[in-house]
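All remarks here apply to the structure that follows.
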Amino acid sequence: MIEADGSPGKPVAVIAFGGNALLRPTDHGTQEEQFTLAWKASRWLYEIIHRGYELAIVHGNGPQVGNIMIQVEEAITKIPPQSLDVAVAQTQGSMGFMLANQLRNRFNEEQIEKDIAAVLTEVVVDRDDPAFDNPTKPVGPFFTSYRANLLMQEQGWQMVEEIGRGWRKVVASPMPRRILGSRMLRRMITGGAVLVAGGGGGIPVYQDVGGYYRGVEAVIDKDYVASILARDLEADLFIVLTNVPMVAENYGRPQQRWLRTLPVGRAREMLEANQFPPGSMGPKVRAAIQFVEGTGKEVLITDAEHLKQALERKAGTFIVASGEVSTGTPD
Ligand code: ADP
Ligand code: MG
293 MIEADGSPGK
303 PVAVIAFGGN
313 ALLRPTDHGT
323 QEEQFTLAWK
333 ASRWLYEIIH
343 RGYELAIVHG
353 NGPQVGNIMI
363 QVEEAITKIP
373 PQSLDVAVAQ
383 TQGSMGFMLA
393 NQLRNRFNEE
403 QIEKDIAAVL
413 TEVVVDRDDP
423 AFDNPTKPVG
433 PFFTSYRANL
443 LMQEQGWQMV
453 EEIGRGWRKV
463 VASPMPRRIL
473 GSRMLRRMIT
483 GGAVLVAGGG
493 GGIPVYQDVG
503 GYYRGVEAVI
513 DKDYVASILA
523 RDLEADLFIV
533 LTNVPMVAEN
543 YGRPQQRWLR
553 TLPVGRAREM
563 LEANQFPPGS
573 MGPKVRAAIQ
583 FVEGTGKEVL
593 ITDAEHLKQA
603 LERKAGTFIV
613 ASGEVSTGTP
623 D
């Protein structure tokens, strides 16, 4: 990346990871556990900074926003409810605090001086995105059919039944169009701050006919938002951290092969051949393709365990602008 005066600055990396990294389904979910996980995350986040990158962090918030929706329901007779967009904002605050706090402690331990900014981030979606016609993303608690009927009538919620578990609210998952405040985020990162931004995919807002921005109940995929943020920040590397060490061809099948280098053209072909399911690897590869095609830069997909090695190009999958496919093995 290039500074305003034309001199080369430090390279910029953007990393996206799921809310599970800070709240695992197997845990009780206590605050203490969450701080411990944030402390662990600060170790692999520090690896990226240690390699000389300025860093922006985009965390998911699935389990966390689900918990807020449970709190809303449990307190419904005492405290007026807040909508999903406001709940997303809350998770950006609470998760931003936990990450910033533990990253600061990590920096103290490593004796480096660096500012950290957790930024509330609004992301614009189109009100006429086709996703709003067909909400599919379940959020929050399970309800009895009695309560679900009431909520559908009184609140206008759309709900679906999961057999044996109950009724659940579903919301739309529209595509992000732009991040509000990108210019400020770019100034912060070129100024040397570590950013926590776009948490949970951002607070979804749309512009109404009068031009007013309004929050909307929806969830935005964090991988897509991270891809836009990486472009806006002119990032050199976009890292998608997940729970597999590499991307595979024929994943889970006998002819499976792990990929070390995946040229973007081949990634597109594989996406079209349904090699990456829409609910898991699909959005990650799609977000990667967007970034590589838009910038010519690279995307790394790997897990926390292999991140350090992957930054040395000894692990993980790199989606690149051109070249040949190469395979590898996770160890
Ligand atoms: P996250 O919580 O990080 O969004 P997901 O579960 O949504 O994680 O997506 C990662 C999962 O994608 C992996 O655990 C793996 O089971 C699945 N997956 C699907 N296709 C592939 C593939 N071709 N290569 C690697 N993983 C794949
Ligand atoms: Mg996922």
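Numbering of the sequence shown is given in my numbering, commencing with residue 293 and proceeding in unit increments.
Backbone N, C-alpha and C fix where the C-beta goes; we use that ideal spot for every residue, glycine too.
Computed from a prediction, not measured in an experiment: that's the story for all the values here.
Contact shell at 6 Å, judged by CB to any heavy atom of ligand 1, ordered along the chain: G310, N312, T534, N535, V536, V539, A540, Y543, Q567, F568, P569, S572 and M573
DSSP-derived helix/strand/coil call for F583: As a first step, residue 583 is located in the sequence shown; it is residue number 291 there, counting from the start. Three-state DSSP puts F583 in a helix.
Own chain, CB closer than 6 Å to W336, minus 5 neighbours either side, in chain order: Taking the sequence shown and counting its residues from 1, the one referred to as residue 336 is at position 44. Scanning its chain for C-beta atoms nearer than 6 Å, with the 5 sequence neighbours on each side dropped, one finds around W336 the residues A596 and L599, in chain order.
Start-to-end residues for the alpha helix (DSSP H) that takes in V517: In the sequence shown, counting from the first residue as 1, residue 517 sits at position 225. Taken as a continuous stretch (DSSP letters only), the alpha helix (DSSP H) holding V517 covers K514 to D524.
Top-ranked residue by Cα proximity to A607, from E616, G620 and S614: In the sequence shown, counting from the first residue as 1, residue 607 sits at position 315. If we check each option's Cα against that of A607, G620 comes out closest.
Own chain partners of S519 with C-beta closer than 6 Å, once the 5 adjacent residues on each side are dropped: What you label residue 519 is simply residue 227 of the sequence shown in a count that begins at 1. Counting only Cβ-Cβ distances below 6 Å, and skipping sequence neighbours, we find A579, Q582 and F583.
The alpha helix (DSSP H) enclosing P355, as first and last residue numbers: The count along the sequence shown starts at 1 and reaches residue 355 at position 63. Per DSSP, the unbroken alpha helix (DSSP H) holding P355 starts and ends at G354 to E366.
Reference F568, options R552, E590, G544 and G588, closest by Cα: As a position in the sequence shown, residue 568 is number 276, starting the count at 1. The shortest Cα separation from F568 among R552, E590, G544 and G588 belongs to G544.
Residue environment, E564, which counts as buried when at least 16 other CB atoms sit within 10 Å: Counting from 1 along the sequence shown, the entry for residue 564 is found at position 272. It counts as exposed.
Contact set for A485: own chain, Cβ-Cβ below 6 Å, skip 5 residues either direction: Translated into positions along the sequence shown, residue 485 becomes position 193. Hits under 6 Å: D407 and A409.
Candidates Y338, A440 and E585, of which the one nearest N400 by Cα: Within the sequence shown, residue 400 is the residue found at index 108, counting from 1. Comparing Cα positions, the closest option is Y338.
Identified DSSP bridge partners for L554: The residue you call residue 554 lines up with position 262 of the sequence shown. DSSP, once it has assigned bridges, lists I611 as partnering L554.
Whether P303 touches D528 by CB criterion (8 Å): As a working mapping, residue 303 is identified with position 11 in the sequence shown. As a working mapping, residue 528 is identified with position 236 in the sequence shown. A contact, by the Cβ cut-off of 8 Å.
Counted within 10 angstroms of its Cβ, other Cβ atoms place D623 as buried (16 or more) or exposed: Position 331 of the sequence shown holds residue 623. It is exposed - the Cβ of D623 has fewer than 16 other Cβ atoms within 10 Å.
Segment contact, 8 Å Cβ cut-off, at least three pairs: the region 456-467 with the region 379-399: no
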